[in-house]
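A.B. asks:
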């Protein structure tokens, strides 16, 4: 992970299961990360404030302060990427964690290859957000964030202002799940946060204009019941 001149990336594991903490510690070290370990939310917040890790792997079912409470506490002062680890595979819990600021949600039990693909993706998105891209190029179209337009084959694709706004939000959060609530709040305003039917209609139009095969989208993907995410290509294995 490091080129020899930079310090290895740091990851904080917050989980009350000692076996899982040890397993994650060994896997992190084997992949070139420096791990920190915590078994409680209160201790985790202190470690984050002191060490400023590059990413947090956060269990939701912690004793005392819950993982959701840790998320609430974190998002008041830091945007450190957080990948939630949870045995609760319910839509409501996923939406709640994502709305509170989690970057991704991994259900236990999980494979290490999948987990570390998500870790790498979350860290890349954080690094990219520090220097916003001027444009994103795919095999079929280019999104020019500075000019606020999409081109295909050198020609501008006609999008309505709201269609463009949806595309812009998804592209700026490339690879990350953007929940229905986030997208509606950003594009229409807080009073429309439950109008998911709006998004279905607009996403259909966007896919018709940009996807090579709209019924089988490659770039603008649906996470059923949760929201949408944009993949520029070559990232499918990181979902």
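Numbering (this note's numbering), first residue to last: 4 to 242. Quick reminder that beta carbons are idealized off the backbone N, C-alpha and C, glycines included.
(1) For residue 178, which of helix, strand or coil comes out of DSSP?
(2) Is the Cβ-Cβ distance between residue 182 and residue 230 less than 8 Å?
(3) Which residue from 142, 105, 50 and 211 puts its Cα closest to that of residue 128?
(4) Excluding the 5 residues preceding and the 5 following residue 237 in the sequence, name in chain order all residues of the same chain whose CB lies nearer than 6 Å to its CB.
(5) Should residue 18 be labelled buried (16 or more other beta-carbon atoms within 10 Å of its own) or exposed?
(6) What number of angstroms, rounded off, separates the C-alpha of residue 43 from the C-alpha of residue 209?
(7) Sort out for me which residues DSSP pairs residue 89 with in a bridge.
(8) Hey, which unbroken runs of the beta strand (DSSP E) at 3 residues or more fall wholly within the region 113-160?
(9) Do the region 116-125 and the region 213-229 meet, that is, are 3 or more Cβ pairs less than 8 Å apart?
(10) Taking Cβ positions, are residue 103 and residue 59 nearer each other than 8 Å?
(11) Residue 175 CB to nearest chain B CB: under 8 Å?
(12) Between the Cα of residue 27 and those of 88, 152 and 79, spot the shortest distance and give me the residue it belongs to.
(13) With a CB to CB cut of under 7 Å and the five nearest residues on each side skipped, what residues in its chain are close to residue 40?
(14) May I ask you to list the residues that DSSP assigns as paired with residue 243?
(15) Under the rule that 16 or more other beta-carbon atoms within 10 Å means buried, what is residue 92, buried or exposed?
(16) For residue 54 and residue 83, what's the separation of their Cα atoms in angstroms?
(17) I'd like to know whether the C-beta atoms of residue 61 and residue 85 end up nearer to each other than 8 Å.
C.D. replies: In this structure, then:
(1) Counting from 1 along the chain shown, the entry for residue 178 is found at position 175. Three-state DSSP puts residue 178 in coil, outside helix and strand.
(2) Stepping through the chain shown from its first residue, residue 182 is reached at position 179. Stepping through the chain shown from its first residue, residue 230 is reached at position 227. In contact: residue 182 and residue 230 (Cβ atoms closer than 8 Å).
(3) Residue mapping note: residue 128 aligns to position 125 of the chain shown, counting from 1. It is 105 whose Cα lies nearest to the Cα of residue 128.
(4) To locate residue 237, count along the chain shown from 1; it is residue 234. For residue 237, the pLDDT reaches just 44, beneath the cut-off of 50, and the residue's location in the model is therefore unreliable, leaving the point undetermined.
(5) As a first step, residue 18 is located in the chain shown; it is residue number 15 there, counting from the start. Answer is buried; the Cβ neighbour count reaches 16.
(6) Taking the chain shown and counting its residues from 1, the one referred to as residue 43 is at position 40. Taking the chain shown and counting its residues from 1, the one referred to as residue 209 is at position 206. Their Cα atoms are separated by approximately 44 Å.
(7) Looking up residue 89 in the chain shown gives position 86. DSSP output for residue 89 lists 110 as bridge partner(s).
(8) 138-140, 145-147, 152-155 and 158-160
(9) no
(10) Residue numbering aside, residue 103 sits at position 100 when the chain shown is read from its first letter. Residue numbering aside, residue 59 sits at position 56 when the chain shown is read from its first letter. Contact: no.
(11) Checking the listed chains, one finds no chain B in this structure; it contains a single protein chain.
(12) Walking along the chain shown from the start, residue 27 turns up at place 24. Of the candidates 88, 152 and 79, the one whose C-alpha sits nearest the C-alpha of residue 27 is 88.
(13) Indexing the chain shown from 1 puts residue 40 at position 37. Cβ neighbours of residue 40 beyond the five flanking positions: 16, 24 and 28.
(14) There is simply no residue 243 to check, as the chain begins at 4 and stops at 242 in what is shown.
(15) As a working note, residue 92 is residue 89 in the chain shown. Per the 10 Å Cβ criterion, exposed.
(16) Here the question's residue 54 lines up with position 51 in the chain shown. Here the question's residue 83 lines up with position 80 in the chain shown. Answer to the nearest angstrom: the Cα atoms are 12 Å apart.
(17) Counting from 1 along the chain shown, the entry for residue 61 is found at position 58. Counting from 1 along the chain shown, the entry for residue 85 is found at position 82. Yes; because the gap between Cβ atoms is below 8 Å, this pair is in contact.
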